[in-house]
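Enquirer: The opening residue of the sequence shown carries number 1 in the UniProt record's numbering; numbering runs sequentially from there.
No residue lacks a Cβ here, since even glycine has one placed at the ideal position from N, Cα and C.
Quantities reported herein were computed from a predicted structural model and do not represent experimental measurements.
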Amino acid sequence: MAKHSRIYSVLFNKCPRCGEGDFFVSKSAYDLRNFEKMHKHCPHCGENLVPEPGFYQGALYMSYAFYVAFMVIVFLIVVNFFEQYLDYFLFGIIPILIILTPWFYRLARRAWLAIFIKPAAGEV
Ligand SMILES: [Zn+2]
Numbered sequence: 001m002a003k004h005s006r007i008y009s010v011l012f013n014k015c016p017r018c019g020e021g022d023f024f025v026s027k028s029a030y031d032l033r034n035f036e037k038m039h040k041h042c043p044h045c046g047e048n049l050v051p052e053p054g055f056y057q058g059a060l061y062m063s064y065a066f067y068v069a070f071m072v073i074v075f076l077i078v079v080n081f082f083e084q085y086l087d088y089f090l091f092g093i094i095p096i097l098i099i100l101t102p103w104f105y106r107l108a109r110r111a112w113l114a115i116f117i118k119p120a121a122g123e124v
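#1: Indicate the three-state DSSP secondary structure (helix, strand or coil) for residue 82 in the structure shown.
#2: Would you identify the three-state DSSP class for residue 12, choosing helix, strand or coil?
#3: Does any heavy atom of ligand 1 sit closer than 7 angstroms to the C-beta of residue 44?
#4: CB of residue 47 to nearest heavy atom of ligand 1: below 7 angstroms?
#5: By DSSP, does residue 55 sit in helix, in strand, or in coil?
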């Protein structure tokens, strides 16, 4: 995967401009005290990661979209390959979504910023 692609930086906690500097301070979504702390500027290229106050309100819509996509994908996998476990899916999806909340939160923020910032080189 190209290092400067948007998908790479969104998935691997990198600045969408350079793909080198970290986006969130903590590498783990499960560092409970720090999982939501972001760098204000990319530690590598200095890109402004918080363009304006309230910028990340839009990331909420992004996280809804990820939740829905995730549920649909898991549902389709279960229905097609593990139909006998469908009851478990219905009960299991809620705790799974709760556990994934910090991960989705971070993913949504990175994806939201990546919409507005063009990678510096390579793939557009
Ligand atoms: Zn950067």
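Expert: According to the data block:
#1: Walking along the sequence shown from the start, residue 82 turns up at place 82. Residue 82: coil per DSSP, three-state reduction.
#2: Along the sequence shown, read from residue 1 onward, the residue named residue 12 stands at position 12. In the structure shown, residue 12 adopts coil according to DSSP, grouped into three states.
#3: Here residue 44 refers to the residue found at position 44 of the sequence shown. Yes, ligand 1 has a heavy atom inside 7 angstroms of this Cβ.
#4: One-based indexing of the sequence shown puts residue 47 at position 47. Annotation for residue 47 indicates a beta carbon within 7 angstroms of some heavy atom of ligand 1.
#5: Locating residue 55 in the sequence shown gives position 55, where the first residue counts as 1. Here residue 55 sits in helix by DSSP.
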